[in-house]
Each structure stands twice: as C-alpha cells, then as structure tokens.
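Colleague: Handing you a structure now.
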Amino acid sequence: MTTSTRNAAAAIRRLTIEYKQLTTDPNTLFPAVGPISEDNYLEWEALLPGPDDTPFEGGVFSARLSFPPTYPLEPPTMRFDPPIFHPNGACVCTIPNFSLSLSPYTSTVYPDGLVCISILHAAGDDPNMYESSAERWSPVQSIEKILLSVLSMLAEPNVESGANIDACKMYRDDRDAYEKTIRRQVQEQLGL
1 MTTSTRNAAA AIRRLTIEYK QLTTDPNTLF PAVGPISEDN YLEWEALLPG
51 PDDTPFEGGV FSARLSFPPT YPLEPPTMRF DPPIFHPNGA CVCTIPNFSL
101 SLSPYTSTVY PDGLVCISIL HAAGDDPNMY ESSAERWSPV QSIEKILLSV
151 LSMLAEPNVE SGANIDACKM YRDDRDAYEK TIRRQVQEQL GL
C-alpha cells in the first residue's frame with residue numbers, strides 16, 4: 001500500500017467518524033452536512049444556518065468542503081456556493097496542490113465564495129505575522145469547529161482587513177445598507 005493510499009484511507013476513516021458524530025448528535029447546529037456522494041468522501045456539502053440576531057438570520061447557506069487525502073494532517077478548503085456578500089479580511093493562503101481556506105481571528109470570504117479563516121490555514125507560523133500558530137489548523141480540529149468558526153465570522157466581521165472591499169466599506173460606513181443588502185441576499189437565496 002502506497003503512502004498516498006494509506007493517507008487517503010486514514011482521511012476517510014476520520015471523516016466517517018466525524019460524519020457519524022455530526023449526524024447522531026441531537027444538539028448539533030449542523031444537521032445537513034456530509035459527503036456529496038458515497039463514492040467520494042473527500043467532497044462534502046454543508047448547509048449553514050444564518051446566525052441568530054444578525055442580518056444572516058433565517059438564511060441557509062450552502063458551502064462545499066474539499067478535503068485533501070492527507071486530512072486531518074492538512075485542512076480542507078471551503079467555498080460558499082453561491083458566494084455571499086461579506087467583508088472580512090484579506091489573506092492569500094496556499095499549500096502544495098490546493099489553496100486554503102478558514103477562524104474567528106483572521107477571516108475572509110472572497111467574491112468567488114472561497115472562505116479564508118485561520119483555523120484552516122496550514123499548521124506552523126504565519127510568514128506575515130498576522131496570526132499565531134495556535135489559531136491555525138491542527139489535526140485536533142474538527143469539521144464542527146470549522147463550521148462554528150464560520151458562523152462566528154458571519155456574526156462578527158473583522159473589518160480591519162477586507163477581501164471584499166465594497167462589503168467592508170459598507171459595513172463600516174453604512175451599517176443599515178449593509179444589513180439591508182444581506183437581508184435581500186437571504187430572501188433571494190430562499191426564493192422570496
């Protein structure tokens with residue numbers, strides 16, 4: 001058995017355990033999360049509820065999680081599909097063979113829907129000195145922790161750095177217009 005085959009088998013075992021935990025916990029915030037197909041356990045879809053007491057409340061946001069065969073040693077990527085309007089801070093993060101995403105400390109939703117947040121940045125030190133290694137990915141993290149971090153990001157944007165400059169400026173300068181834009185987006189996604 002090759003190293004890559006062993007890694008993929010370990011990733012699928014871990015994802016199977018996390019899937020069972022997410023789907024059997026009666027108190028989970030994420031009842032609609034799991035593999036897109038039984039043939040590919042490395043591609044997941046999650047339906048995230050809009051956080052209460054935010055303009056996202058009442059919305060349901062579809063996101064795709066793509067896990068590398070080396071999971072949980074390396075983090076997945078996450079992309080909202082369709083993309084959402086959100087301010088958060090700019091960061092470009094890559095590791096070999098794929099670009100990264102996702103923490104409540106440094107977070108971004110790019111215009112194409114890609115989520116960038118500390119919890120999903122590869123382990124190690126940040127060369128830009130913006131986030132500590134404790135904020136970054138480690139194998140003890142879980143899909144549930146990722147999704148909770150994303151909900152926190154939606155509820156509390158970090159306007160000190162913006163990937164979507166228009167959303168960041170609107171959030172900072174005209175909060176009413178920002179909230180109206182988000183509520184309109186929620187209604188459109190719900191088909192209202």
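Under UniProt numbering, the residues of the sequence shown are numbered 1 to 192, in order.
Idealized CB from N, CA, C, for every residue including glycine.
So, helix, strand or coil for Asp173, using DSSP?
Modeller: In the sequence shown, counting from the first residue as 1, residue 173 sits at position 173. It is helical.
Colleague: Pick out whichever of Met153, Ile146, Pro68 has its Cα sitting closest to the Cα of Thr5.
Modeller: Position 5 of the sequence shown holds residue 5. Nearest option by C-alpha distance: Pro68.
Colleague: Beta-carbon within less than 7 Å of Pro157's beta-carbon, same chain only, minus the 5 sequence neighbours each way: which residues are those?
Modeller: Translated into positions along the sequence shown, residue 157 becomes position 157. Within the same chain, Pro157 has close Cβ partners His86, Pro87, Asn88, Tyr171.
Colleague: Please classify Asn27: does DSSP put it in a helix, a strand, or coil?
Modeller: The residue you call residue 27 lines up with position 27 of the sequence shown. Looking at Asn27 - three-state DSSP - the assignment turns out to be coil, as it is neither helix nor strand.
Colleague: On the DSSP letters alone, give me the boundaries of the alpha helix (DSSP H) that Val115 sits inside.
Modeller: Within the sequence shown, numbered from 1, the residue matching residue 115 stands at position 115. Segment 114-117 is the beta strand (DSSP E) holding Val115; no alpha helix (DSSP H) there.
Colleague: State the Cα-Cα distance for the pair Val150 and Val140, rounded to the nearest angstrom.
Modeller: On the sequence shown, residue 150 is found 150 positions in, with the first residue counted as 1. On the sequence shown, residue 140 is found 140 positions in, with the first residue counted as 1. Roughly 17 Å between the two C-alpha positions.
Colleague: Starting from Leu73, follow the alpha helix (DSSP H) in both directions and report where the run begins and ends.
Modeller: If you number the sequence shown from 1, residue 73 lands on position 73. It is not in any alpha helix (DSSP H) - Leu73 carries neither H nor E in the DSSP assignment.
Colleague: Should the segment 172-185 be called in touch with the segment 52-66, which here means at least 3 C-beta pairs below 8 Å?
Modeller: With the cut-off at 8 Å, the segment 172-185 and the segment 52-66 touch.
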